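Engineer: The opening residue of the sequence shown carries number 18 in the numbering used here; numbering runs sequentially from there. Take a look at this one; I'll ask things after.
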Amino acid sequence: MKKKWMVSTALLCSAALLVSGCGGKKADGFDAAGYTTAYLDGMIKGDTDSLASLSGTSAEDLTAAFDTGIDELVTSFFGSDGNTPGSTQISAQLRQDYTTFWKNAFADTKYDIKEAEEKDSSYQVTVETQQMQLYTAMEPVYNEKLADYLKDNSVDSDQYIEDVYTLMLEAYQSALDTVTYSDPQEVTITLQKDDSDLWSISSDDMTTLKNALIDLSTLTPSADGTDETPAQASAEEIANSQSEGAPNLEYPEDLGSTPAYKVGDTIPLQSDGKDVGTFCIDKVEVTDERNEYNPTTPDKVIVITYTYKNTAFDNPLLYDQMSFRILDGDTVCLPYYPSDLISPELVNAGDDAVTATLAYGVSASCNEVTIYVEGTQIPTPFQVSASIS
């Protein structure tokens, strides 16, 4: 299961399934732009009245589906509950508070349907989005709150996870009141009929749209909110090493049939049989840097530098931590969080390539890793073998 920084694909998959289950109108006289607007309002903002009118599904059922999607979104990060192995230990009230927050955040997203062009038996819908800079507004508030907290509290306390997630929620709530938005950009999604002759939007398209609506940058704040002190693992990063919201730690069953490359190879990214981008593992290095706040103490830490470019993919492309599994023999390695990692970014077709870094803990005897890569938007896996000196 692929998870994304707090906002997973669970909400979007639920939405796509809901639309494919609704009674879409026939193509003749069908207002694709209007239907898409109603769908996004219902499944992203929770405003279901128009979608109910167009789809024939009751507003109550649509609202229940929206609520389920938000619940799945929160579950995808924290786990199903505090008693389930691998779940993050937070209170039921804090979980509910995060649920309420994400409903409010998505209600404030900005998008506008610009055009719906009929193409064969589907519609190419152009959506103008303005990305909510939520992380940008939240980061300084969180850094200040965390610095104050750490003056009098230990990361080893039983209350630490609850406290820090509470601080983060407070920072998010404050940021939402003052958040700014990026300049408009266009995202193209496809509205098409499924095998049951009903209109649907794919979960992949919705994932791309979600990334264009909210800034979901990885949080690696400093302990005192300044650049002069070492960055520490955030609450998400601490919990990510323990929770269901962590990167996929299942050993890939298809490894034996996955195309294999070497460090430095330029790997073609293909969608619908055509080349749409390139990917390269530039280098893999051992680092001596350690983070005193990281929840794990691996024998050895490696830093992976990689580059990806969008040459012809219709929507912004992203390869982040959720796209990687690092294999040390039969072990899937946990991420590590030094202070100077370079975060990945969305890249549009024709823009400059993006270079980013990730770090992982490996065993002391490890001299080679296999880097298994499977993107969210281009889910065709490949692997890269890398020697470690």
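By construction, the Cβ of each residue, glycine as well, lies at the ideal position given by its N, Cα and C atoms. Predicted, not measured: the structure shown is a model, and the values here were computed from it.
Between K300, T387, V390, K326, which has its C-alpha nearest L363's C-alpha?
Structural biologist: Taking the sequence shown and counting its residues from 1, the one referred to as residue 363 is at position 346. Of the listed residues, the one whose Cα sits closest to L363 is K326.
Engineer: Does DSSP put T26 in a helix, a strand or coil?
Structural biologist: As a working note, residue 26 is residue 9 in the sequence shown. The predicted position of T26 is uncertain, since its pLDDT is 42 and thus under 50; a value taken from the coordinates is nonetheless stated next. Coil at T26, not helix or strand.
Engineer: For L184 and K291, I'd like the C-alpha separation in whole angstroms.
Structural biologist: Here residue 184 is taken as the residue at index 167 of the sequence shown, counted from 1. Here residue 291 is taken as the residue at index 274 of the sequence shown, counted from 1. Spanning the two alpha carbons is a distance of roughly 46 angstroms.
Engineer: Taking the C-alpha atoms as reference points, what is the distance between S171 and A164?
Structural biologist: Mapped onto the sequence shown, residue 171 falls at position 154. Mapped onto the sequence shown, residue 164 falls at position 147. So the two alpha carbons sit approximately 12 angstroms from each other.
Engineer: Counting C-beta neighbours from all protein chains within 10 Å, is the total for S75 16 or more, i.e. buried, or is it exposed?
Structural biologist: Against the sequence shown, residue 75 aligns to sequence position 58. By the neighbour-count rule (16 or more Cβ atoms within 10 Å), S75 is not buried but exposed.
Engineer: Do three or more CB pairs link the stretch 364-373 to the stretch 344-354 at distances below 8 angstroms?
Structural biologist: They do not touch, by the three-pair rule.
Engineer: If contact is defined by three or more beta carbon pairs under 8 angstroms, each pair taking one atom from either stretch, is the stretch 150-159 in contact with the stretch 181-199?
Structural biologist: The answer is yes - the stretch 150-159 touches the stretch 181-199, with three or more Cβ pairs under 8 angstroms.
Engineer: Which residue's Cα is closest to the Cα of V320: N332, G73, T372, A124?
Structural biologist: Position 303 of the sequence shown, counted from the first residue, corresponds to residue 320. It is T372.
Engineer: Would you mind reading off the limits of the beta strand (DSSP E) that contains P285?
Structural biologist: In the sequence shown, counting from the first residue as 1, residue 285 sits at position 268. Counting along the chain, the beta strand (DSSP E) containing P285 begins and ends at 284-288.
Engineer: Should D331 be labelled buried (16 or more other beta-carbon atoms within 10 Å of its own) or exposed?
Structural biologist: Taking the sequence shown and counting its residues from 1, one reaches residue 331 at position 314. Classification for D331: buried.
Engineer: Could you please give the first and the last residue of the uninterrupted alpha helix (DSSP H) stretch that includes D221?
Structural biologist: In the sequence shown, counting from the first residue as 1, residue 221 sits at position 204. Residues 220-230.
Engineer: Tell me which residues share the same chain as T387 and place their Cβ nearer than 6 angstroms to its Cβ, disregarding the 5 neighbours each side in the sequence.
Structural biologist: Here residue 387 corresponds to residue number 370 of the sequence shown, with the count starting at 1. L344, Q400, S402.
Engineer: Return the CA-CA distance between L230 and M223, expressed in angstroms with no decimal places.
Structural biologist: Mapped onto the sequence shown, residue 230 falls at position 213. Mapped onto the sequence shown, residue 223 falls at position 206. Straight-line Cα distance between these residues: approximately 10 angstroms.
Engineer: What span of residues does the beta strand (DSSP E) with F296 cover, start to end?
Structural biologist: Residue mapping note: residue 296 aligns to position 279 of the sequence shown, counting from 1. 291-304 is the span of the beta strand (DSSP E), which, as asked, contains F296.
Engineer: Under three-state DSSP, which class holds T65?
Structural biologist: To locate residue 65, count along the sequence shown from 1; it is residue 48. Here T65 sits in coil by DSSP.
Engineer: Please classify I206 as buried or exposed, where buried requires at least 16 neighbouring CB atoms within 10 angstroms.
Structural biologist: Against the sequence shown, residue 206 aligns to sequence position 189. It is buried - the Cβ of I206 has at least 16 other Cβ atoms within 10 Å.
Engineer: Since G63 contacts K131 with CB under 8 angstroms, what's their CB separation in whole angstroms?
Structural biologist: Residue numbering aside, residue 63 sits at position 46 when the sequence shown is read from its first letter. Residue numbering aside, residue 131 sits at position 114 when the sequence shown is read from its first letter. The pair is not a contact, with the Cβ atoms about 23 angstroms apart (cut-off 8 angstroms).
Engineer: Of the residues S406, F83, L167, Y278, which one's Cα is nearest the Cα of T304?
Structural biologist: Numbered from its first residue, the sequence shown carries residue 304 at position 287. Measuring from the Cα of T304, the nearest candidate turns out to be S406.
Engineer: At which residues does the beta strand (DSSP E) containing L208 begin and terminate?
Structural biologist: By one-based count along the sequence shown, residue 208 stands at place 191. Per DSSP, L208 belongs to the beta strand (DSSP E) from 202-210.
Engineer: For S139, report the span of its beta strand (DSSP E) as first-last.
Structural biologist: Residue mapping note: residue 139 aligns to position 122 of the sequence shown, counting from 1. Its beta strand (DSSP E) spans residues 139-147.
Engineer: What residue from T225, L90, Y323 has the CA that sits closest to Y389's CA?
Structural biologist: Indexing the sequence shown from 1 puts residue 389 at position 372. Y389 has its Cα closest to that of Y323, out of T225, L90, Y323.
Engineer: Cα separation between T116 and G281?
Structural biologist: Position 99 of the sequence shown, counted from the first residue, corresponds to residue 116. Position 264 of the sequence shown, counted from the first residue, corresponds to residue 281. Cα to Cα, T116 sits roughly 43 angstroms from G281.
Engineer: Spell out the partners DSSP gives D180 in its beta bridges.
Structural biologist: As a working note, residue 180 is residue 163 in the sequence shown. DSSP output for D180 lists no bridge partner at all.
Engineer: Going along the chain, which residues of its own chain have a beta-carbon closer than 6 angstroms to the beta-carbon of T65, five neighbours each way excluded?
Structural biologist: Position 48 of the sequence shown, counted from the first residue, corresponds to residue 65. G59, A76, L79, T80.
Engineer: So which of K127, S382, K162 has the shortest CA-CA distance to S404?
Structural biologist: Sequence index remark: in the sequence shown, residue 404 carries index 387 (1-based). When each option's Cα is compared against that of S404, the closest is S382.
Engineer: Helix, strand or coil for D368, going by three-state DSSP, please let me know.
Structural biologist: Mapped onto the sequence shown, residue 368 falls at position 351. It is coil, neither helix nor strand.
Engineer: Between the C-alpha atoms of D137 and A49, what's the straight-line distance to the nearest angstrom?
Structural biologist: In the sequence shown, the residue the question calls residue 137 occupies position 120. In the sequence shown, the residue the question calls residue 49 occupies position 32. Each residue's alpha carbon lies about 14 angstroms from the other.
Engineer: Go through its chain and collect everything with a Cβ distance to T283's Cβ below 7 angstroms, but skip five positions before and after it.
Structural biologist: Taking the sequence shown and counting its residues from 1, the one referred to as residue 283 is at position 266. So the qualifying residues of the chain are T295, C297.
Engineer: Among residues of its own chain, excluding the 5 on either side of P396, which ones have a beta-carbon nearer than 6 angstroms to its beta-carbon?
Structural biologist: Here the question's residue 396 lines up with position 379 in the sequence shown. Cβ within range, chain order: n/a, list empty.
Engineer: With respect to the alpha helix (DSSP H) encompassing A277, which residues constitute its N-terminal and C-terminal limits?
Structural biologist: Position 260 of the sequence shown, counted from the first residue, corresponds to residue 277. Taken as a continuous stretch (DSSP letters only), A277 belongs to no alpha helix (DSSP H), being part of the beta strand (DSSP E) at 277-279.
Engineer: Just checking my contact of L226 with V91 at CB under 8 angstroms: how many whole Å lie between their CB atoms?
Structural biologist: Position 209 of the sequence shown, counting from 1, holds the residue named residue 226. Position 74 of the sequence shown, counting from 1, holds the residue named residue 91. So it is not a contact: roughly 20 angstroms between Cβ atoms.
Engineer: Got a sec, what are the start and stop residues for the beta strand (DSSP E) A329 sits in?
Structural biologist: Reading the sequence shown from its first residue, position 312 is the one you call residue 329. Segment: none, A329 is in no beta strand (DSSP E) and carries neither H nor E.
Engineer: By Cβ distance, which residues of its chain are closer than 7 angstroms to K300, with the 5 residues on each side in sequence left out?
Structural biologist: As a working note, residue 300 is residue 283 in the sequence shown. Once the five neighbours on either side are set aside, the close Cβ partners of K300 are V280, T322.
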